[in-house]
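Report on the following structure.
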Amino acid sequence: MPASIEFASKVYAVVALIPAGRVTTYGRIAAHVGDRRGARMVGWALMDVPRDRDLPCHRVVNRVGLLSGGWHFGHPEVMAGLLRAEGVAVSDEFTVNLAAHLWDPADELFEGEEAGVPPLPDGAVP
DNA sequence: GCCTTGACGGCAA
DNA sequence: GTTGCCGCCAAGG
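If you read the first sequence in my numbering, its first letter stands for residue 1, the second for the next number, and so on.
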């Protein structure tokens, strides 16, 4: 089995753990799996994601919060709608407020410890 | 078998 | 502070 599949599997696992109302970046995922330079590979992996995987790939944006893969959903508005439905503020430029909704794979452990953290800061300042 | 493109990121000028 | 360029791995033409 190619190592690329293993890499993709890790990516899928991380993406599947992204909580609703939160977003993460390709670079964060890549760094979490141990490949800082694999940001591009993350995108490549998500491009071939089977819909059966139930992967919230719409919660993955680039480092500036832009919905880079919006067109892979047919139209960025589709992805924006999904995010808005989860409480994520999406600007008209199809960008999300990373400062307010950025989720880091490392937080996975943090949430497990606290298990009571307010996921949505209503006072989020755009 | 070689070249170009791609859901990105970091560093340099 | 901003803009531009290069680099990484893989797949498709």
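In this text, a Cβ means the ideal position worked out from N, Cα and C, and glycines have one as well.
I'd like the span of the alpha helix (DSSP H) that includes residue i, first residue to last.
i: Ile-29; result: 26–32
i: Phe-94; result: Taken as a continuous stretch (DSSP letters only), Phe-94 belongs to no alpha helix (DSSP H), as it is neither H nor E.
i: Glu-77; result: 76–85
i: Ser-9; result: 3–16
i: Trp-103; result: Counting along the chain, Trp-103 falls outside any alpha helix (DSSP H), and DSSP gives it neither H nor E.
i: Arg-37; result: Where Arg-37 is concerned, there is no enclosing alpha helix (DSSP H), given that its DSSP letter is neither H nor E.
Take the Cβ of residue i as the centre, count every other Cβ of all protein chains shown within 10 Å, and call the residue buried at 16 or more, exposed below.
i: Arg-22; result: buried
i: Ile-5; result: exposed
i: Arg-36; result: exposed
i: Pro-105; result: buried
i: Gly-38; result: buried
i: Arg-28; result: buried
i: Ala-45; result: buried
i: Ala-85; result: exposed
i: Ala-8; result: buried
Cutting at 7 Å between CB atoms, please list the residues of its own chain near residue i, excluding the five before and the five after it.
i: Phe-94; result: Leu-66, Leu-67, Gly-70, Pro-76, Ala-80
i: Val-61; result: Val-23, Thr-25, Leu-67, Ser-68, Val-96
i: Phe-73; result: His-58, Met-79
i: Trp-103; result: Ile-18, Pro-19, Arg-22, Val-23, Thr-24
i: Lys-10; result: Val-33
Could you tell me how far apart the beta carbons of residue i and residue j are, in whole angstroms, since I believe they sit closer than 8 Å?
i: Val-15; j: Ala-30; result: Incorrect: roughly 12 Å between the Cβ atoms, too far for contact.
i: Leu-55; j: Val-49; result: 5 Å
i: Tyr-12; j: Arg-53; result: 6 Å
In chain order, what residues of the same chain have a beta carbon less than 6 Å from the beta carbon of residue i, not counting five sequence neighbours either side?
i: Leu-82; result: His-58
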